[in-house]
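Asks: Before I ask anything, here is the structure I am working with.
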Amino acid sequence: WRITNHFCLRQISIVFMMFVFRPVGGAVLCPLQCVCETRPWYTPQSVYHQARTVDCNELHLRRIPVNVSADTQVLLLQSNNISSISTELQRLTNLTELDLSQNHFTQVSSMGLSSLGRLVTLYLEENHIEELEDFSLRNLSSLEELYMNHNRISSIGPKAFAGLTNLLRLHLNSNRLVAIDSRWFESLPSLEILMIGENPILGLEEKNFMPLSRLHSLVLAGMGLASVPSAAFLGLDYLESLSFYDNRLRSVPRDALSVLPNLKFLDLNRNPISRVQQGDFQNLQHLEELSLNNMDELLMVERGAFQNLQEIAKLEICSNPRLSYIDPLAFSDLSSLRTLLLHSNQLGLLSGDLLSSLPALEESHLKLLESSITVCSSPPHLIGKELQEVVAQSWGAGGANSCLPHISPHAFPPAMNVSAGQPITLECWADADPAPQFYWVTPTGDKVRQADLTIIVSVFVDSQGSFGSWSGGGSWWGAEPSREQPWTENSSAASLVPVDVQEYNLTHLLPATEYHVCLTVSSSPPSFTSTS
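Numbering (mature numbering (1 follows the signal peptide of the UniProt record, and there is no 0)), first residue to last: -26 to -1, 1 to 506.
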């Protein structure tokens, strides 16, 4: 029994000693506190390899250990306090991956990378790099992935990426760049993925990405873009994925998108686009997925908004708090659409024709609004009641016909400042089954009708302070107050109000007239004296 037990203890001791002092490659001991072992490693093309790895992450190191084995292939130094490298990397010529992220580097030239001709992946994100100088990476001829995101880079030389002819992926997002120079990309003929979002770019320029003829994916998220030049993406014939997430676009940049014949994935989430219009995507015949989510200003989707999207398979229109109308023919001819997500909007009704026009739709993927979102606006005894409940219980004399859903208040701005003579446009829309009838009420109380479901009204205040209205097509008449009421000044009227009156209404006020109301409180009737 003792012999067996002694043997076990001795065996455990040997195993422990081998773990602590096991050399890498049989030559040099593993650096203190680091972990040295063979691990799986995948190339950017997802090819599997076994790689000799030295893991020195999160050790608060101020310099690279000197006894790293020369045959190390992966060196991990993430989350340390290293700010410069002298000669520690010169003999590590077999490195294929180097992780220097989350350290304190301020310059690429201080990293001693010149001997790493076999390096495939380089992580430099979350350092303090402010500038990328010309030719600073020229010796990394095998590099395929470069991560420089979340630094402080405000300047990149036109030849900064010279020598990186095999680079496939470049991350420059979350820096301080204010402009994109097309000369950067002249040295990157193989680039397939570019992430350059979250930079305070002042604006894109024509042919900004022209040299990147093989680019497949472009991320322009969080850049504050309000517009996109029509030729900004010229030359990106093979671009498949484009993200405008979280920008300031007020309309779909249809002209810029029209030069991207092979685009398959388009992200327009979190942009202040107010409406999706007919023909916005008509040139994107190979588009497969489109996202229109979290758009605070989106009000409506027009008829033919998605026309010519012959290969669209997934469409997301979710979490748009003001979206209250989708035209019944908005989704016509989308024969390939399999997934339609429409939840968390302000939609009160979807036309039956809208869904019947989607033959390939998988119902299990269809997420519509909750029924409780459609409530009655009138008559008074049904205000706030769910439309579904009114229909089920036939409340009121006319059942559902006696419950009128409220037209979205987001269709009109809360206030408008308009100069005299300046035309404005207001639109009203709603969907119902059967189709609703619309009319406008003029300032004189008259109802103005038109046969179309959507009415466009122009309104003006003329130089005399009068109010006028007319339709663009001239198919219905306008009404306006008498023109005998011009702007007047210094006219006033007085009225005595008993002290026990709590509410006093002012009536017969004129439109387009500014009023000032003054209240004088007195314990006795005021005396009036005339003055000359």
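Glycine included, every Cβ here is placed at the ideal spot set by N, Cα and C.
Treat the numbers as computed from the prediction; the structure is a model and nothing was measured.
Hey, quick one: how far does the alpha helix (DSSP H) through leucine 231 stretch, first residue to last?
Replies: From DSSP, the alpha helix (DSSP H) with leucine 231 extends over 228 to 231.
Asks: Valine 94 and leucine 63 look like a contact to me (Cβ under 8 angstroms); what is the Cβ gap, rounded to whole Å?
Replies: Incorrect: roughly 15 angstroms between the Cβ atoms, too far for contact.
Asks: Leaving out five residues before and five after glutamate 104 in sequence, what residues of the same chain have Cβ atoms less than 7 angstroms from its Cβ?
Replies: Thr80, Arg126, Ile127 and Ser128, listed in sequence order.
Asks: So, at 7 angstroms on beta carbons, what are the nonlocal neighbours of glutamine 256 in its own chain, with the 5 sequence-adjacent residues on each side left out?
Replies: So the list reads Gln281 and Asn282, once near-sequence residues are dropped.
Asks: Exposed or buried, what is asparagine 479 when buried is set at 16 or more other beta-carbons lying within 10 Å of its beta-carbon?
Replies: Counting Cβ neighbours within 10 Å, asparagine 479 comes out exposed, since fewer than 16 surround it.
Asks: Suppose you measure from the CA of leucine 231 to the CA of leucine 258; what does that come to, to the nearest Å?
Replies: Going by the C-alpha atoms only, they are around 8 angstroms apart.
Asks: Hey, quick one: how far does the beta strand (DSSP E) through serine 110 stretch, first residue to last?
Replies: Counting along the chain, serine 110 falls outside any beta strand (DSSP E), and DSSP gives it neither H nor E.
Asks: Sorted by chain position, which residues of the same chain lie with C-beta nearer than 6 angstroms to valine 193's C-beta, five sequence neighbours on each side aside?
Replies: Met169, Gly171 and Ser217.
Asks: Let me check one thing: in DSSP terms, what residues is phenylalanine 239 bridge-paired to?
Replies: Partner(s): Ser215 and Glu263.
Asks: Indicate the three-state DSSP secondary structure (helix, strand or coil) for histidine 23 in the structure shown.
Replies: Note: histidine 23 maps to strand in three-state DSSP.
Asks: Report all residues from its chain with a CB closer than 6 angstroms to the CB of glutamate 285; omit the five preceding and five following residues, and keep chain order.
Replies: Counting only Cβ-Cβ distances below 6 angstroms, and skipping sequence neighbours, we find His260, Glu262 and Ser310.
Asks: By the three-class DSSP mapping on this structure, what secondary structure does tyrosine 489 have?
Replies: Tyrosine 489: coil per DSSP, three-state reduction.
Asks: Proline 354 by DSSP, collapsed to three states: which one?
Replies: Correct three-state label for proline 354: helix.
Asks: In angstroms, rounded to a whole number, what distance separates the CA positions of serine 58 and arginine 37?
Replies: If I take the Cα positions, the gap works out to 7 angstroms.
Asks: Just reading off the beta strand (DSSP E) that threonine 12 is part of, what are its end residues?
Replies: Run containing threonine 12: 9 to 16, per the beta strand (DSSP E) assignment.
Asks: Would you decide whether glutamate 180 is buried or exposed? Buried here means 16 or more other CB atoms lie within 10 Å of its CB.
Replies: Label assigned to glutamate 180: exposed.
Asks: Who are the near neighbours of leucine 69 in its chain, counting only those whose CB is closer than 8 angstroms to its CB and skipping five residues on each side?
Replies: The answer, listed in chain order, is Thr46, Gln47, Val48, Leu49, Leu63, Leu90, Arg92 and Leu93.
Asks: What is the rounded straight-line gap between the Cα of threonine 12 and the Cα of leucine 96?
Replies: Using only the alpha carbons, I get a separation of about 19 angstroms.
Asks: On the criterion of 16 or more Cβ atoms from any shown chain inside 10 Å, does histidine 34 qualify as buried, or is it exposed?
Replies: With fewer than 16 Cβ atoms within 10 Å of its Cβ, histidine 34 is classed as exposed.
Asks: With respect to the beta strand (DSSP E) encompassing arginine 143, which residues constitute its N-terminal and C-terminal limits?
Replies: Taken as a continuous stretch (DSSP letters only), the beta strand (DSSP E) holding arginine 143 covers 143 to 145.
Asks: Determine the contact status of arginine 277 and leucine 316, defining contact as a CB-CB distance below 8 angstroms.
Replies: Their beta carbons are not under 8 angstroms apart, which means arginine 277 does not touch leucine 316 by this criterion.
Asks: Along the chain, where does the beta strand (DSSP E) containing tyrosine 192 start, and where does it finish?
Replies: Here residue 192 is leucine; the residue named in the question, tyrosine, does not match the sequence. Taken as a continuous stretch (DSSP letters only), the beta strand (DSSP E) holding leucine 192 covers 191 to 193.
Asks: Would you report the Cα separation of cysteine 10 and asparagine 77, rounded to the nearest angstrom?
Replies: One C-alpha to the other measures close to 21 angstroms.
Asks: Identify which residue in Gln7, Val42 and Arg26 has its Cα closest to the Cα of proline 14.
Replies: Of the candidates Gln7, Val42 and Arg26, the one whose C-alpha sits nearest the C-alpha of proline 14 is Arg26.
Asks: If we count the other Cβ atoms within 10 Å of its Cβ and call it buried at 16 or more, is methionine 85 buried or exposed?
Replies: Classification for methionine 85: buried.
Asks: Return the chain-ordered ranges of every beta strand (DSSP E) run that is complete within the region 269 to 335 and spans a minimum of 3 residues.
Replies: The region 269 to 335 contains these whole beta strand (DSSP E) runs: 288 to 290 and 313 to 315.
Asks: Among Val40, Thr17 and Leu74, which one has its Cα closest to the Cα of glutamate 32?
Replies: The shortest C-alpha separation from glutamate 32 is found at Leu74.
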